[in-house]
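Take a look at the structure set out below.
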Amino acid sequence: MAAVLKDKLPLLSKSRFMAGLQCHKRLYLELFQPELADMVSAAQQLRFDAGTRVGELAREIFPGGVLISEDHRHHKEAIESTQKALSRNVPAIFEAAFLHNDVRIRADILVRVDRDTFDLIEVKSTTEVKEAHLPDVAVQLYVLEGCGIKVRRASLCHLNKEYVYQGGEYDLQQLFSIEDVTEEARELLPHVLVLLEEMRQALWSLEPPEIKPGKQCGKPYPCPFTGHCHENLPEHHVGQLPRASEKLLLSLKEEGIEDIRDIPATFAGLNATQQRVRDCVVDDCVYIDPYLPRVLGRLEYPIHFLDFETFNPALPVYVGTRPYQVIPFQWSVHTLTEDGKLRHKEYLHDGLDDPRESLAKSLLKALGTDGPIVVYSSFEATRIRELAEDFPHLSKDLLALLDGRIVDLLKLVRDNCYHPEFHGSFSIKSVLPALVTDLDYSGLEISDGEQASAAYMEMIQPEMSNKRRKELRRGLLAYCKRDTEAEVRLFNYLRRY
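Quick note, the numbering used here runs 12 ahead of the 1-based positions in the sequence shown.
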């Protein structure tokens, strides 16, 4: 990696400050080598767009406010516009721009209390205040008060998870919750200067900081440089140990162990699953407990294999739903009969209305009243239980699906099986190609659940062309069908092992 020569540092900002809190290497790369970032997926873009829309709605709570429209590339002009708005005595300013001690911010909402005093409101598209939000508010307080702005109260505005959409325009007073975090943010202020200085020291280096991948790569947010930082790791990096705690990873690091193959057989601290992973990787062997084929072999026919696709919009789309409520819109069922025949049924909601009730009715018809229902994780059972709560007239029949019929193949695999090519993941996308080498998810237009959610969100947009809607529908049907086909193939492989 080429050294980065510099005679001055770029300005820090609240987003860069938050990046630096997560990892100094992430901050360095964002400022000096942004081209190394992973591509933004359709699902990620969907989340970004939802956050933007949530921020826009939050402004409507404060009528008469002024939006500072200059973008981040024109911060100087945005500061000038902010100063004009401050002098005009407007009731609120949105995206107000400030610069203090080489740190620039854009405050989501500044609400005027009196001529010289304001309330700061940071908007988040979450349904609760999180610890990671507090430094975001603290650095804004630091800059605002450094610029001479008196802040009476600092709050976080987030979505209210109890709000139930009644149709039409959102009831903004009910949709949002505003929580005072002034005390918590002020407690962090003494640390802000120290943290900023630490970040600047890291940025003066000619090379990115030497920071090994770890828990910080996904906490509190997925790092956009994960792909870059993981590309030179050992094939069986210790981070692949399932549910490895920070304590365990630290103890391995202290022993200089980065590769699972280098973990001694006598190493203390591994749980039973982690020990199994270590042994399979070291011995390059597959482990399948004899219990697994026995329990699968006892299942009575017909055997159904079920998979749902869902989406969970930040802002509720259908009457009677809440922010981030999980909405199933599609299912696939493969049914295996005693004579070895396999039939397939599927449902993908075709319309702009709420898909849940028609989906539930079609599912009941497809699964009937007998035969085990094989799923991969507890996800489908949870969705069925939610449908039973939402549609009382279907509750008895839906709950009957859960009465001794559900077989969680994921749990059985996790407890009784390991292949070195799982690389620590028991996701069906990892397990399938390792055990069933002639089937995977390559070649599909949609190849994971997040893409499926994004595709459905796109498909239900009223302005969507029929051609594009048909393309999305074809991709969704193929993907969901592949999921249950994968369940069938895994089931057959493990049952006959």
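Cβ coordinates follow ideal geometry from the N, Cα and C atoms, glycine included.
None of the values given here were measured: they were computed from a predicted structure.
- In the three-state reduction of the DSSP assignment, residue 456 falls in the coil class, being assigned neither a helical nor a strand state.
- The secondary-structure analysis by DSSP pairs residue 215 with nothing; it has no beta-bridge partner.
- Straight-line measurement puts the Cα of residue 46 at about 12 angstroms from the Cα of residue 52.
- Residue range 354 to 360 is occupied by the beta strand (DSSP E) that includes residue 357.
- Remark: C-beta atoms of residue 215 and residue 43 approach each other more closely than 8 angstroms.
- Beta-bridge partners assigned by DSSP to residue 169: 135 and 190.
- At a Cβ-Cβ threshold of 8 angstroms, residue 159 and residue 35 do not count as neighbours.
- In this structure, residue 208 lies near residue 115, with their beta-carbon atoms less than 8 angstroms apart.
- Around the beta carbon of residue 277, fewer than 16 other beta carbons sit within 10 angstroms, so the residue counts as exposed.
- Less than 8 angstroms divides the Cβ of residue 387 from the Cβ of residue 420.
- In the structure shown, residue 385 adopts extended strand secondary structure according to DSSP, grouped into three states.
- Note: residue 448 is not bridge-paired with any residue in the DSSP secondary-structure output.
- Measuring C-alpha to C-alpha distances from residue 230 to each of 306, 458, 484 and 38 identifies 38 as the nearest.
- DSSP places residue 391 inside the alpha helix (DSSP H), whose first and last residues are 391 to 402.
- Secondary structure of residue 305 (DSSP, three-state): helix.
- With distances taken between CA atoms, residue 73 lies nearest to 105 out of 105, 54, 393 and 85.
- Rounded to the nearest angstrom, the Cβ distance from residue 332 to residue 176 is 6 angstroms, consistent with a contact under 8 angstroms.
- For residue 481, the enclosing alpha helix (DSSP H) starts and ends at 478 to 507.
- Between the stretch 138 to 155 and the stretch 87 to 97, the count of C-beta pairs closer than 8 angstroms stays below three; the two stretches do not touch.
- Within 10 angstroms of the beta-carbon of residue 392 lie 16 or more other beta-carbons, which makes it buried.
- With fewer than 16 other Cβ atoms inside 10 Å of its own Cβ, residue 125 counts as exposed.
- 434 is the residue among 465, 463, 480 and 434 whose C-alpha sits nearest the C-alpha of residue 293.
- Cβ-Cβ separation between residue 314 and residue 383: approximately 4 angstroms, consistent with a contact (criterion under 8 angstroms).
- In this structure, the beta-carbon distance from residue 432 to residue 248 falls below 8 angstroms.
- Excluding five sequence positions before and after residue 472, the CB atoms of its chain that fall closer than 6 angstroms to its own CB belong to 364, given in chain order.
- When only Cα atoms are considered, residue 85 and residue 25 end up about 12 angstroms apart.
- Across the set 33, 460, 496 and 505, the C-alpha of 460 shows the shortest separation from the C-alpha of residue 55.
- Here residue 206 is exposed. Its C-beta has fewer than 16 other C-beta atoms within 10 Å.
- Counting the other CB atoms within 10 Å of its CB gives residue 454 a total below 16, which places it among the exposed residues.
- Comparing C-alpha distances from residue 145 to each of 441, 437 and 29 shows the shortest one belongs to 29.
- Look at residue 423 here: in three-state DSSP terms it is helix.
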